[in-house]
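In terms of UniProt numbering, the sequence shown opens at residue 1 and continues consecutively. Glycine included, C-beta positions come from ideal geometry on N, C-alpha and C. Worksheet: the structure to be examined is printed underneath.
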Amino acid sequence: MSGRVSKEIEVKVPANEAWKVYGSLQLAKIVGEGLPNFFSKVEVVEGDGSAGTILHVSLPPGTGTAGLPWYKEKYTVVDDERRVKDAEVLEGGLMDLGFTLYRYRMEVIEKEGKKGECIVRGSVEYELNEDAAANAALVSIEPLLAVMQIAADYLTQNYNTNPCRSIS
1 MSGRVSKEIE VKVPANEAWK VYGSLQLAKI VGEGLPNFFS KVEVVEGDGS
51 AGTILHVSLP PGTGTAGLPW YKEKYTVVDD ERRVKDAEVL EGGLMDLGFT
101 LYRYRMEVIE KEGKKGECIV RGSVEYELNE DAAANAALVS IEPLLAVMQI
151 AADYLTQNYN TNPCRSIS
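See below:
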C-alpha cells in the first residue's frame, strides 16, 4: 500500500532567500527551538546539510506518532538548483509500524507574477506492508506543515526587517 499527501503555503520572501533556510541545517535549528509540541530535540548525527546528512529527531513524550519517541531521517536529495529537499525516515518512528518508506519533500517555488514571494510545497510519500495497512491512518502532513510554517514565519520576520541583508 502506498500514498502521498501534500500542502502548499505562501511565503512573502524571494525563493532564493527562502531556500537558504528550507535547504539548509538552519531549518533543523529553527524547528528544534520553535516547535516544542512536535519536536523536543533535533540533532545532526552526520553531515553538513547536504544529501547524506542524518538527523536524530526526538519527540515529546506522548505526542509522537503512535507514542513513538524518536526517528532518524536522512537527506536523500538537496538540490540547490531546483530548490528541492527530500528526507527519508531510516529507523524508528513509523518504520517500527510496518512502513517501508516514509519520505518528506519540500520544494521552494518562485511565485509567478509576484516578485519577492514564493510557494513552499511539502509532501509526504509512504509505502507500508499490506499487513499493516490500517497504519496508513497514522500518516499526517501536519508536522511537515508546522515545520514549513515556522520557517515561513522566521523568514518573514527576519527578511522583512532588513530586506537588503541576506538571511544566513
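Query                                                                                                                                                 : Result
Buried or exposed (CB count within 10 angstroms, at least 16 for buried), Leu27                                                                       : buried
Distance, Lys111 Cα to Lys72 Cα                                                                                                                       : 32 Å
Alpha-carbon spacing of Lys12 relative to Asp131, whole angstroms                                                                                     : 44 Å
The region 89 to 103 contacting the region 25 to 45, beta-carbon criterion three pairs below 8 Å                                                      : no
Candidates Ser58, Val31, Ile54, Pro61, of which the one nearest Val77 by Cα                                                                           : Ile54
Cβ-Cβ distance between Ile30 and Ile150 below 9 Å                                                                                                     : yes
Beta-carbon gap between Leu128 and Thr156 smaller than 9 Å                                                                                            : no
Backbone secondary structure at Lys7 - three-state DSSP                                                                                               : strand
Own chain, CB closer than 7 Å to Lys7, minus 5 neighbours either side, in chain order                                                                 : Gly122, Ile141, Leu145
Straight-line Cα distance separating Tyr75 from Ala87                                                                                                 : 4 Å
9 Å Cβ cutoff met for Glu107 and Arg83                                                                                                                : yes
Every unbroken beta strand (DSSP E) within the UniProt domain "Bet v I/Major latex protein" (2 to 135), with a cutoff of 3 residues, ordered by chain : 2 to 11, 41 to 46, 54 to 58, 70 to 79, 84 to 92, 99 to 110, 118 to 128
Spatial distance of Glu10 from Asp153 (CA atoms)                                                                                                      : 11 Å
Three-state class that DSSP yields for Cys164 in the structure shown                                                                                  : Low confidence applies to Cys164: its pLDDT is 46, below 50, so where it sits in the model is not reliable, and the reading given next is rough at best. Coil at Cys164, not helix or strand.
Residues near Gly32 by beta carbon distance below 7 Å, same chain, minus five either side                                                             : Phe39, Lys41, Val42
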